[in-house]
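This report refers to the structure that appears directly beneath it.
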Amino acid sequence: MEDEAIVDRGASYIKNVCDEEVEGHHTVYIGVHVPKSYRRRRRHRRRSNHKERREMENVSDKSDTETADDPSSSILKPLISPAAERIRFILEEDDNGPPPPQLFTELDELLAVDGQEMEWKETARWIKFEEKVEKGGERWSKPHVATLSLHSLFQLKNCIEKGTIKLDMEANSLQQIVEMITDSQIESGQLKADLKEMVMYTLLRKHRHQTKKSNLRSLADIGKSVSSASSPTTAHRNLTSNSLSDLSDKPEKDQLNNKFMKKVPRDAEASNVLVGEVDFLDTPFVAFVRLQQAVMLGGLTEVPVPTRFLFILLGPKGKAKSYREIGRAIATLMSDEVFHDIAYKAKDRGDLLAGIDEFLDEVIVLPPGEWDPDIRIEPPKSIPSADKRKNNIAGGESLQMNGGTPHDGSPAGGGGHAVGDELKFTGKFCGGLILDVKRKLPFYASDFYDALNIQSLSAILFIYLGTVTNAITFGGLLGDATDNMQGVLESFVGTALAGAVFCLFAGQPLTILSSTGPVLVFERLLFNFSKDNDFDYLEFRLWIGLWSAFLCLVLVATDASFLVQYFTRFTEEGFSALISFIFIYDSFKKMLKLAHHHPINSDFNMDLHHLNATWASLTRSECLEWGGQLLGPACEFVPDITLMSFILFFGTYTCSMGLKKFKTSQFFPTTVRQLISDFAIILAILIFCGVDALVGVDTPKLLVPSEFKPTSPNRGWFVPPFGGNPWWVYLASFLPALLVTILVFMDQQITAVIVNRKEHKLKKGAGYHLDLFWVSILLMVCSFMGLPWYVAATVISIAHIDSIKMETETSAPGEQPKFLGVREQRVTGTMVFILTGLSVLMAPILKFIPMPVLYGVFLYMGVASLNGVQFMDRLQLLLMPAKHQPDLIYLRHVPLRRVHLFTFIQVLCLALLWVLKSTVAAIIFPVMILALVAVRKAMDYVFSQHDLSYLDDIMPEKDKKKKEDEKKKKKKKGSIDSDMNDSDFPANENVPSIKISMEAMEQEPVLGEKPSDRE
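Okay, so the sequence shown: first residue is 1 according to UniProt numbering, each after it adds one.
Printed below as a string of structure tokens:
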């Protein structure tokens, strides 16, 4: 098979083979392009011209029929080049195995010191982007995108074609590798035997890295070629001397102490590129080596990582720049993800050449008159994924037709929550709850030790302050609405109890429980109704809570949480944006209320009047000191409170935003930046508490109860269920309990969906049924104790997730840290609520925190939770001209007017919810949230499924499983596949297939056109 050349002239030729010859081989459909030159050579055979043309058309028709038969194919796809075809087979081999390790690539050039000693000097390095040693030789350049000349890539391809290729070489030292390469070139006649010692002498010279401190001058001074003073005798003497230092396989001290090692990925391997010019060679000495096992080669590499690849280029004098550019070309290729995989899996020279051809297919050429190559291109914020290129090679990318779901649901597109086991309708009693327990139980121990990180401490402090502020604010409002039947202390106790129990035992401990606005509205209406009808408010409320808890438990037992899959991005973003706007609105509202209580004195007059001393002429402190009484609001006036409060308010918000983004700044080391970013909110609070203390203005401070007793003396810590109301009230409580049930279910599950979105990359699974179960139990307990009711709080939960996000610790220079997921654990939430319960004991400390500072934290939480919300991006598009709009994925596939229509509907729904929240009808607020699902369902008649797949999530189909079962039955009967019914191309049952050995594909050249024959 090796010696036999496979030629396809476009004619029909079928070779009879037995089954044993093709057993175990892959079936591959091949279409071979017929070069134009073939027709020109046969043009003189006019008699057979028509016959040949008919045969060629038949072959073409067969190829088209094969394409139509393959559901993953389309004539609208570009023809796959031979290089891509070969690479597809290379990448598909061992696809289930572990991915190849990442590479650190180093470029060393042969340079002379003062024209005498020659050494290999490190001049550039790559992990993702290129870093050069600056011309001064004292520092590294900033990471930048490597810009290559097209000519250097063709020269590199020529080097690979003609040079020595050694794949899976077994060697343990640099000297052994060099000796095997030189012997191979001597055997092939590429190198004269008398030059072996000179080549080995040159390749085994000392390597000097940029990290080493030496008395060498800058590169500008030492950038001279190897002088002609070297002689074979000297080379032989030096070959055995101590000056050839790289023969040890142990890493040197400078390598072990190199701080750059932090940037190198774990388990990475090295690729060394050695280029230089010498005076004893007439033709280039080129070798590409891949070691079977990566080995440490002493001081060859800047960092102590084992070497896997070596590329060597030594050439005659006068072409140093060309050699350098070829070295940069191979180094850039080794840092390319696709060629990197090919280099690890290549079986022969042809595979490497195919990899270069594929790189050339994807490379972009800039006109020389429009771009200065000396300008360094900054690394992009988001690097294009190599998976897309691999899918194109493998033919996995299909044309997006209207009505399909063309993407994987990334945040740029539809996104959303996958309908997995968490939302599966089991049809069994408590089936979903049992599955949630089984899913979460194996992770219970790890939920505690996974929190052992300094980031958890910052999250605890940040969320604690937000929770305490919310508890105080809500407790104060609830006390006003219920005549202190529930107040600040009840809010503290309820928050601590409900939150701690939920975080310890619920399915998703990242969710933070809190009281919400709709609950407050319901409590106010319920208290007024009880007061008007002489009902015992707490007892009436107890029975409503019991009925509501019972109904929620019924929803848990019947797997009602599967309805969550109908909460698409439209509903989630509408709800979360509304809550975020409420936080922003309330923070400004509280500041304006503060300004009303402490007005600015705009009528102040500095005129001096000489009057006799009276009570009115005394200061407030003097008046109180002499036994006077303060009458009128003017006596309470303190200057500058409003101004100072707004300084603290905006200062805390601005400082929080700035410090949170500090990790992407250019100041301080990475560890310091990360630490400042993690503790951004705490630092902002401490800074402006210090500012408040230094200025000394009497701004409003945080008030925390100092005694543990109910706010009202007319109640205790337990509410008796009977005796205060008529018996029929216990049954009538079922009706308002229905509203509470809808409120709890919608608030809890929408927030849970937002927390469990796949953008957060949660690995331990969700627990919708288990969450609702514990909310039901806590609803019952809080009702008996007369404490507020608690459900999941959207904004605080999002802030919690934001504070414990994880990113890669070792990112390549110039590469943005990658988001790894969220630190899933139970400790931060539990500690937050324990501290909330202990806040009564910490009242002497907490009283120094100004309320405007906490309002600034509220503003930050509201604004931060809007980040990354597609609804906000689409709102900004309304104010942007088309030419200035960002390159968003849905703008590529959905007409702009349809995007604006979708946004308008969402804004209209949001406005109606806001108006409803602000009126007496706010009690039906949860029902209106549920109505968002109906609105979204109606939008299926306005927008196509193609548009909705980019702007929102696709609604689940009831009969989807039924359709899949019917498709399977048709397939078993041998009917035409349902996908082919939608095809625009006729299917042909008699489609020929060619069975080809994969071994033959690895050894034989790629069939079809040569790269030079491409059209």
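The beta-carbon is built from N, C-alpha and C at its ideal position, and this holds for glycine as well. If you're wondering where the values come from, they're calculated on a predicted model, not measured in any experiment.
Compute the Euclidean distance between the alpha carbons of I463 and I600, then round it to the nearest angstrom. By 1-based counting over the sequence shown, the position of residue 463 is 463. By 1-based counting over the sequence shown, the position of residue 600 is 600. Approximately 33 angstroms between the Cα atoms of the pair.
With DSSP run on the structure shown, which of helix, strand or coil describes L441? As a first step, residue 441 is located in the sequence shown; it is residue number 441 there, counting from the start. If DSSP states are grouped into helix, strand and coil, L441 belongs with the helices.
For I681, count the other beta carbons within 10 Å of its own beta carbon; 16 or more makes it buried, fewer makes it exposed. Which is it? By one-based count along the sequence shown, residue 681 stands at place 681. Result: buried.
Which residue from V275, K937, L91 and E490 puts its Cα closest to that of P713? Here the question's residue 713 lines up with position 713 in the sequence shown. Looking at the Cα atoms, E490 is the closest of the given residues.
Nearest to S797 (by Cα), restricted to the options I460, H597 and L787: As a working note, residue 797 is residue 797 in the sequence shown. For S797, the nearest C-alpha among the options comes from I460.
Between the C-alpha atoms of L783 and L820, what's the straight-line distance to the nearest angstrom? What you label residue 783 is simply residue 783 of the sequence shown in a count that begins at 1. What you label residue 820 is simply residue 820 of the sequence shown in a count that begins at 1. Position check: residue 783 holds Ser in this sequence, whereas Leu was assumed. Their Cα atoms are separated by approximately 41 angstroms.
When we look at the beta-carbon of W543 and count the other beta-carbons within 10 Å, is it buried (16 or more) or exposed? For the purposes of this step, residue 543 is identified with residue 543 of the sequence shown, where counting begins at 1. Looking at its Cβ environment, which holds 16 or more other Cβ atoms inside 10 Å, W543 is buried.
Opposing strand residues paired with L310 [DSSP bridges]: Position 310 of the sequence shown, counted from the first residue, corresponds to residue 310. Answer is N272 and V289, bridged to L310.
Tell me whether the beta-carbon of A329 lies closer than 8 angstroms to the beta-carbon of L441. Translated into the one-based positions of the sequence shown, residue 329 becomes position 329. Translated into the one-based positions of the sequence shown, residue 441 becomes position 441. Result no, Cβ atoms of A329 and L441 do not sit closer than 8 angstroms.
So, V697 versus I641, is the Cβ gap smaller than 8 angstroms? Numbered from its first residue, the sequence shown carries residue 697 at position 697. Numbered from its first residue, the sequence shown carries residue 641 at position 641. Yes, the Cβ-Cβ distance between V697 and I641 is below 8 angstroms.
Using a 10 Å radius around the Cβ and a threshold of 16 neighbouring Cβ atoms, would you call E824 buried or exposed? Stepping through the sequence shown from its first residue, residue 824 is reached at position 824. Its Cβ being crowded by 16 or more others within 10 Å, E824 is buried.
Output the boundary residues of the beta strand (DSSP E) element that contains G765. Here residue 765 refers to the residue found at position 765 when the sequence shown is read from its first residue. Premise fails: G765 is in no beta strand (DSSP E) and is neither H nor E.
Relative to the C-alpha of V795, which residue among E572, A331, D168 and S271 is closest? Position 795 of the sequence shown, counting from 1, holds the residue named residue 795. Considering only alpha carbons, the answer is E572.
Euclidean distance between Cα positions of L153 and D940: As a working mapping, residue 153 is identified with position 153 in the sequence shown. As a working mapping, residue 940 is identified with position 940 in the sequence shown. Near 52 angstroms, if we compare the C-alpha coordinates of D940 and L153.
Which value, in whole angstroms, describes the spacing of the CA atoms of I845 and L702? As a position in the sequence shown, residue 845 is number 845, starting the count at 1. As a position in the sequence shown, residue 702 is number 702, starting the count at 1. So the alpha carbons of these two residues sit roughly 10 angstroms apart.
Roughly how many angstroms lie between the CA atoms of A471 and R826, to the nearest whole one? The count along the sequence shown starts at 1 and reaches residue 471 at position 471. The count along the sequence shown starts at 1 and reaches residue 826 at position 826. So the two alpha carbons sit approximately 21 angstroms from each other.
Inter-residue Cα distance where the pair is W371 and P669: The residue given as residue 371 occupies position 371 in the sequence shown. The residue given as residue 669 occupies position 669 in the sequence shown. Answer to the nearest angstrom: the Cα atoms are 33 angstroms apart.
Inspect the CB distances between the segment 109-128 and the segment 190-207 and report whether three or more fall short of 8 angstroms. yes
Between which two residues does the beta strand (DSSP E) holding R757 run? On the sequence shown, residue 757 is found 757 positions in, with the first residue counted as 1. Run containing R757: none; DSSP gives neither H nor E here.
Nearest to V501 by CA position, among D108, Y790 and K531, is which residue? As a working mapping, residue 501 is identified with position 501 in the sequence shown. Cα-wise, what sits closest to V501 is Y790.
Below 8 angstroms between beta carbons: does that hold for P100 and E815? Along the sequence shown, read from residue 1 onward, the residue named residue 100 stands at position 100. Along the sequence shown, read from residue 1 onward, the residue named residue 815 stands at position 815. Against a cut-off of 8 angstroms, the Cβ pair of E815 and P100 comes out as no contact.
Contacting residues, own chain, Cβ-Cβ under 8 angstroms from S60 (five flanking each side not counted): Start at 1 with the first residue of the sequence shown, and residue 60 comes out as number 60. Bear in mind that the predicted position of S60 carries a pLDDT of just 41, short of 50, making it too unreliable to give a figure here.
Terminal residues of the beta strand (DSSP E) in which I165 lies: The count along the sequence shown starts at 1 and reaches residue 165 at position 165. First-last of the beta strand (DSSP E) with I165: T164 to M169.
Reference F567, options S949, V133 and R936, closest by Cα: What you label residue 567 is simply residue 567 of the sequence shown in a count that begins at 1. Checked all of S949, V133 and R936; the closest Cα to F567 is R936.
DSSP puts L513 in a beta bridge; with which residues? Here residue 513 is taken as the residue at index 513 of the sequence shown, counted from 1. Partner(s): A792.
Taking the CB atoms as reference points, tell me whether A331 and V273 lie closer together than 8 angstroms. Here the question's residue 331 lines up with position 331 in the sequence shown. Here the question's residue 273 lines up with position 273 in the sequence shown. Yes, Cβ-Cβ distance for A331 and V273 is below 8 angstroms.
Out of T473, Y855 and A766, which has the shortest C-alpha to C-alpha gap to I647? Residue numbering aside, residue 647 sits at position 647 when the sequence shown is read from its first letter. Comparing Cα positions, the closest option is Y855.
Run through DSSP, which three-state label would R569 get? As a position in the sequence shown, residue 569 is number 569, starting the count at 1. It is helical.
Say the cut is 7 angstroms; is the CB of G189 nearer than that to a heavy atom of the ligand PLP? Absence of the ligand PLP from the depicted structure is noted, as is the absence of any ligand whatsoever, leaving it without description.
According to DSSP, simplified to helix, strand and coil, what is G821? Counting from one through the sequence shown, the residue named residue 821 turns up at place 821. Note: G821 maps to strand in three-state DSSP.
Selection from W914, I434 and G868 that minimises the alpha carbon distance to F583: As a first step, residue 583 must be located in the sequence shown, where it is residue number 583. Ranking the options by Cα distance to F583, first place goes to W914.
Work out the CA separation of D873 and W547 for me, nearest whole Å. For the purposes of this step, residue 547 is taken as residue 547 along the sequence shown, with counting starting at 1. For the purposes of this step, residue 873 is taken as residue 873 along the sequence shown, with counting starting at 1. Each residue's alpha carbon lies about 42 angstroms from the other.
Taking the C-alpha atoms as reference points, what is the distance between E807 and T664? As a first step, residue 807 is located in the sequence shown; it is residue number 807 there, counting from the start. As a first step, residue 664 is located in the sequence shown; it is residue number 664 there, counting from the start. Cα to Cα, E807 sits roughly 12 angstroms from T664.
Taking just the CA atoms, how far does N528 sit from A732? Taking the sequence shown and counting its residues from 1, the one referred to as residue 732 is at position 732. Taking the sequence shown and counting its residues from 1, the one referred to as residue 528 is at position 528. A732 and N528: Cα-Cα distance of roughly 17 angstroms.
Closest by CA to Y653, which one among V853, S811, G479 and G318? Counted from its first residue, the sequence shown places residue 653 at position 653. With distances taken between Cα atoms, Y653 lies closest to V853.
Residue range of the unbroken alpha helix (DSSP H) whose run includes W727: If you number the sequence shown from 1, residue 727 lands on position 727. Where W727 is concerned, the enclosing alpha helix (DSSP H) stretches over W727 to A732.
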